[in-house]
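> Below are the C-alpha cells for one structure; questions will follow.
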Amino acid sequence: MIVAIDGPAGAGKSTVARALAERLGFSYLDTGAMYRSLTWLGLQRGIPLDEGDRLGVLAREFPVSFDDAGRVFIDGSDVTSAIRQVRVDRMVPVVAAHAEVRDVMRERQRELGSEGDVVIEGRDIGTVVAPGAEVKVYLVADPAIRAGRRQAERPEIGADALATDLKLRDESDAARMRPAADAEEIDTTHLTIEGVVARIEELVRACIPAER
Ligand code: DC
C-alpha cells in the first residue's frame, strides 16, 4: 500500500509521515531529500543550477539512496545533515524545477516506493509519482505557523529572512503544489502531530482488509 503525503514546506509532512510510518510499520520515503541531495551534489561540483540537462545527467549517474536508519547518501557521501543547510534550502527549488531532473527522480521514487507498504512524502506524490496511491493526504497550514515551525529547525536564520525564504519557495514550488482530486486535505494549523497522524491512520485502516 502507498500512503502519499503532499503539501508545502512547514505543513508538517516530514514529522507526520515519519511518525505514521513508524506507527504502521511501513517504510518511509522522503522525496524532498532526493532533490536536496542532488542540489548538494550540483553545488559541490560547481554545476550551474540553471542547467537542467546537466543536472538530469548527474541525477541519473548518482542515484540517491537511504539506509534503514533514514540516512541519505549520494555519490558515496552521507549527506543527511548537509542537505538541511540554508544554501540547499534556497537552491533546491531551482533544481527541482527542471523537467530533466524530475523525470529521473520520478523513476527512482517509483522504484524505491514499489516494495511493500510505504509512506511517501513530497509535493507531487498523489498527482504524478503515485497517482494510484491508496491513501492521499494534502497537508496545509497557516503561513505564520509554517514559518514558525521552520524557525525551530533553522534557529540561525532571522524570522523575517525565513518568512521570505518560505514565500519564495512556495512561489517556485507552486507549479507542483496542488492536491490530487482525491486527496484528503488536512489543515494542521491547530492540530497536534498526534492528531494528524491519528486521522491519517484512520484513512489507512479503512483501506486495509480486515484479515490483514
Ligand atoms: O520537502 P522539502 O522541503 O525537503 O523539499 C525540498 C524541495 O524539493 C522543495 O523546494 C520542493 C521540492 N520537491 C519537489 O519538487 N517534489 C517533491 N516530490 C519533493 C520535493
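Numbering (our numbering), first residue to last: 335 to 546. Idealized CB from N, CA, C, for every residue including glycine. All figures in this text were calculated on a predicted structure; none of them were measured in a lab.
Is the closest heavy atom of the ligand DC to the C-beta of PRO427 under 7 Å?
yes
> Extract the residue ranges of the alpha helix (DSSP H) inside the stretch 352-396, only unbroken runs of 4 or more that lie entirely within it.
365-378 and 386-395
> What is the C-beta distance between VAL337 and LEU354, in whole angstroms, given that I count them as a contact (C-beta under 8 Å)?
Rounded, the Cβ-Cβ distance is 7 Å, consistent with contact.
> Can you grab the Cα-Cα spacing for the pair SER448 / ALA416, in whole Å?
27 Å
> Would you list the residues sitting across from GLU519 in a DSSP beta bridge?
TYR472
> DSSP puts GLU455 in a beta bridge; with which residues?
ILE339 and ASP364
> Can you list, in chain order, the residues of its chain whose CB lies under 8 Å from that of PHE360, leaving out five sequence neighbours each side?
MET335, VAL337, LEU354, GLY450, ASP451, VAL452 and VAL453
> Exposed or buried, GLU545, counting other C-beta atoms within 10 Å across all chains shown (16 or more means buried)?
Reliability of the predicted coordinates at GLU545 is poor, the pLDDT of 49 falling under 50, and the value obtained from them is presented with this limitation in mind. By the 10 Å Cβ count, GLU545 comes out exposed.
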